[in-house]
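Note that our numbering numbers the sequence shown so that position 155 is 205, with each residue one more than the last. Single-structure report; data block below.
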Amino acid sequence: MTHHLSVKNLLDIPPLSVEDIHIILSRATFFKKALADKTVPHTLDGKVVLTLFTENSTRTRNSFEMAVLRLGGKLMNWDEKVSSAQKGETFSDTLRFLNGYQPDAIVMRHHEYNAPHYVQSLVDCPVINAGDSYREHPTQSLLDALTIIEHKQKIDGLTVAIIGDLAHSRVANSNVSLLTKLGANIHLIAPKNLQPQKIPSNVKVFDTLEDGLKDCDVVYVLRIQKERMDASAIPDDTAYYHAYGLTPERLAIAKRDAIVMHPGPMNRGVEISDDVADDPSQSVIFQQGANGVPVRMAVMDLLIGSRI
């Protein structure tokens, strides 16, 4: 298989071809084995990756940083809270100065919608989107695809339910785009006020778990993103849990061998019960999180790594 992508940045899922997706997932599988065997090639040796995060992040930021270090690269971090932005410097001026330092790639998470596209227009190196606003989170959907394939051996023909705050979820947006490219059927399940405004024609939307979970192979749970909504949208966590929380009884509506996924952070007792989150036979949540490292290794290797 070729090791070349048709894109020079990873800003969102739609520009990726099906072949691009398979190349990334194949490379991630290679790196996952290399990590287990302690035989990781240092394809980022001599490369410096700039991380630029304006939102809090644990899994995404740390897995990107681990990925760079595992590949032998070095990190430089721009921290908005202690930067010259506090002195009034514009974001565009900051980017132009940082671009002058010639980073080999920029990994960024930003609260502004479409920010990665704006940054890409100002710099000379590849830009990798680690999540912007409620728009896109492409590497999350790639690691989710890898996880599904590991447990189901395929994506084509599977039915995937995505439950929760769909209106504010960049994870849902990227997953709908990627999984439908690979042939999955999507069930979106949410109360009316948390359903997306634009609903793709090739997905089904439900407002109850009882209807939406039938015949599902994958049950993907999202947290309520209160930082992105009016407080009145979900006034009572307990009421939400009673209506939409994934419990063992509700999970039983899906196929018996359905797997449960969650991008984290989990709000236990709000969108998911402890019994489901920690179920050793159906929950793959922590394996899913671990897949962030090899997937992000694959993306950076394919965009800026030396060929091996």
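Yeah, the Cβ is synthetic: ideal placement off N, Cα and C, and Gly gets one too.
| Check | Outcome |
| --- | --- |
| Taking Cβ to Cβ, would you say residue 335 is nearer than 8 Å to residue 311? | yes |
| If you count every other CB in all the chains shown that lies within 10 Å of the CB of residue 182, and 16 or more means buried, which is it? | buried |
| Going by alpha carbons, who is nearest to residue 226 out of 248, 155 and 242? | 248 |
| Starting from residue 290, trace the alpha helix (DSSP H) both ways and give me its first and last residue. | 287-294 |
| List, from N- to C-terminal side, the alpha helix (DSSP H) runs of 4 residues or more that fit wholly inside the segment 174-235. | 188-202 and 220-231 |
| Please report the distance separating the alpha-carbon of residue 159 from that of residue 292. | 33 Å |
| Grab the span of the beta strand (DSSP E) containing residue 270 for me, first residue to last. | 268-271 |
| Just to confirm, are residue 326 and residue 301 a CB contact at a threshold of 8 Å? | yes |
| What residue range does the beta strand (DSSP E) around residue 308 cover? | Premise fails: residue 308 is in no beta strand (DSSP E) and is neither H nor E. |
| Quick one: give me the first and last residue of the alpha helix (DSSP H) that residue 83 is part of. | 68-87 |
| Would you grab the beta carbon distance between residue 259 and residue 239 for me? Rounded to a whole angstrom, and I think it's under 8 Å. | 6 Å |
| Do residue 178 and residue 100 have their C-beta atoms closer together than 8 Å? | no |
| Alpha carbon to alpha carbon, how far is residue 61 from residue 202? | 27 Å |
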